[in-house]
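In this note's numbering, the protein residues as written are -18 to 168.
This report refers to the structure that appears directly beneath it.
Below, the structure written as structure tokens:
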């Protein structure tokens, strides 16, 4: 049974990663992201995707900011992820129903999305939309982010995510272009 389950998961992952979105200039696209700091890798990726897709952009902002000290932020993030905490966020996308494609950006925090991103996804109905995760990381790649986003976005088509190592985000335009073409977002 375990072998069958692993084979099924492998098949589904392969199917998910090869599905393409029909490139369509009439599709309305939104880039949603959470950034811990002003010069963050997630923000840089969000801006690059926005420019390449002519998308609207939305930053998820928690009511209570994370500590500016990196170690304190890492400790808080670990505690929040471990207990499934969903922090309140300051803003919402009122017209989320207008969008067909939603890019979701988050740093990889303890192998998943930041808790503020989980809050956003659990409070916005993304059913019927195409979701494309992008995750800057420091070696852990996507972790379980895509699986966790899929659970939070029931009824959505969650596409293969794009992991980019933090140190090369500023030079990842080619990787982003390839991903956007491979998924059918741009021609």
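All C-beta atoms, glycine included, are put in the ideal place defined by N, C-alpha and C.
Bear in mind that the values here come from a model prediction, so they are computed numbers and not experimental data.
Checking 8 Å against the spacing of the C-beta atoms, do residue i and residue j come in under that value?
i: residue 106; j: residue 130; result: no
i: residue 33; j: residue 167; result: yes
i: residue 29; j: residue 112; result: no
i: residue 44; j: residue 24; result: no
i: residue 104; j: residue 73; result: yes
i: residue 27; j: residue 38; result: yes
i: residue 118; j: residue 147; result: yes
i: residue 110; j: residue 137; result: yes
What separation, rounded to the nearest whole angstrom, lies between the Cα atoms of residue i and residue j?
i: residue 149; j: residue 120; result: 12 Å
i: residue 114; j: residue 96; result: 15 Å
i: residue 66; j: residue 89; result: 16 Å
i: residue 122; j: residue 79; result: 31 Å
i: residue 246; j: residue 165; result: Given a span of -18 to 168 for the chain in the structure shown, any question on residue 246 remains unanswerable.
i: residue 63; j: residue 133; result: 16 Å
i: residue 163; j: residue 144; result: 14 Å
i: residue 124; j: residue 59; result: 14 Å
i: residue 40; j: residue 7; result: 23 Å
i: residue -7; j: residue 128; result: A caution first: residue -7 carries a pLDDT of 42, below 50, which makes its placement in the model unreliable, though a value can still be read off. Roughly 12 Å separates the two Cα atoms.
Quick one: using the 10 Å Cβ neighbour count with 16 as the cut-off for buried, is residue i buried or exposed?
i: residue 42; result: exposed
i: residue 85; result: buried
i: residue 139; result: buried
i: residue 49; result: exposed
i: residue 22; result: buried
i: residue 108; result: exposed
i: residue 36; result: buried
i: residue 12; result: buried
i: residue 142; result: buried
i: residue 75; result: exposed
Please look up how many angstroms separate the CB atoms of residue i and residue j, rounded, as I've assumed it's under 8 Å.
i: residue 15; j: residue 98; result: 5 Å
i: residue 93; j: residue 126; result: 5 Å
i: residue 47; j: residue 91; result: Not really, about 13 Å apart at Cβ, beyond 8 Å.
- Query: Residue ranges of each alpha helix (DSSP H) run of no fewer than 4 residues wholly in the region 92 to 128, ordered along the chain?
  - Reply: 96 to 104
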